[in-house]
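Everything in the sequence shown is counted per this note's numbering, starting at 1 for the first residue and increasing by one. Virtual Cβ for every residue (Gly too), placed ideally from N, Cα, C. Each remark here refers to the structure printed beneath this line.
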Amino acid sequence: MRFSLTRHHRDDGLVTLALAGDVDMGAVDALVSALQDTLQTPDRIAVVVDLARVTFLDCAGIGALAVGRNTAVSRGHRYTVVNPQRQVRRVLELTGVFTALTGRHPQPAPETARAARSRRSRRHRDDRRCAAKPSTAGVDALPHG
1 MRFSLTRHHR DDGLVTLALA GDVDMGAVDA LVSALQDTLQ TPDRIAVVVD LARVTFLDCA
61 GIGALAVGRN TAVSRGHRYT VVNPQRQVRR VLELTGVFTA LTGRHPQPAP ETARAARSRR
121 SRRHRDDRRC AAKPSTAGVD ALPHG
């Protein structure tokens, strides 16, 4: 999907960059340029990069988002990435930048029904093994002799 970027300025200093489409090598120059233009202001601002409509994110896009964050922080601005969809969120988590960009910790993936059944089955099997073993609790050691 073709990349697009929309910038919204509010009077209170909030600037939202809404990205859409594929954030890849072909889109990075436009993204970096928009971030640099936005962050040039001497006023304190909060930059929000909205990824709700991003369909693809590669390493070049991740790099641009990380550079934007570092530039914002070094200039005293707030910077947050919001609304990454499942596939994009997964890429951010796997590359280790999710927390730095979003300010949130990744949530563990929900357990699938199959995984839950497997876990219960293993626990049940382990319980049966323990019940089948003779207990040595309360048995005194016999002297050798």
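Cα-Cα separation, residue i to residue j
i, j, result
"residue 97", "residue 4", "23 Å"
"residue 85", "residue 20", "11 Å"
"residue 7", "residue 53", "14 Å"
"residue 13", "residue 72", "13 Å"
"residue 87", "residue 55", "8 Å"
"residue 101", "residue 43", "21 Å"
"residue 108", "residue 90", "11 Å"
"residue 78", "residue 114", "42 Å"
"residue 49", "residue 37", "14 Å"
"residue 76", "residue 1", "34 Å"
"residue 45", "residue 39", "8 Å"
"residue 9", "residue 15", "5 Å"
"residue 24", "residue 41", "26 Å"
"residue 80", "residue 47", "6 Å"
As assigned by DSSP and simplified to three states, the class of residue i
i, result
"residue 3", "coil"
"residue 58", "coil"
"residue 17", "strand"
"residue 141", "With a pLDDT of 49 at residue 141, under the threshold of 50, the modelled position of that residue is not reliable, and no figure is offered here."
Range covered by the alpha helix (DSSP H) that runs through residue i
i, result
"residue 78", "Residue 78 -> not in any alpha helix (DSSP H); beta strand (DSSP E) instead, spanning 78-82."
"residue 26", "25-39"
"residue 87", "86-94"
Cross-strand partners of residue i (DSSP beta bridge)
i, result
"residue 149", "Limits of the chain in this structure are 1 at one end and 145 at the other, which puts residue 149 out of reach."
"residue 22", "56"
Minimum C-alpha distance to residue i - residue among the options
i, options, result
"residue 83", "95, 25 and 103", "103"
"residue 22", "57, 80, 95 and 66", "57"
"residue 64", "10, 34 and 99", "34"
"residue 95", "29, 62, 31 and 16", "62"
"residue 68", "17, 105, 106 and 11", "17"
"residue 32", "66, 93, 105 and 99", "66"
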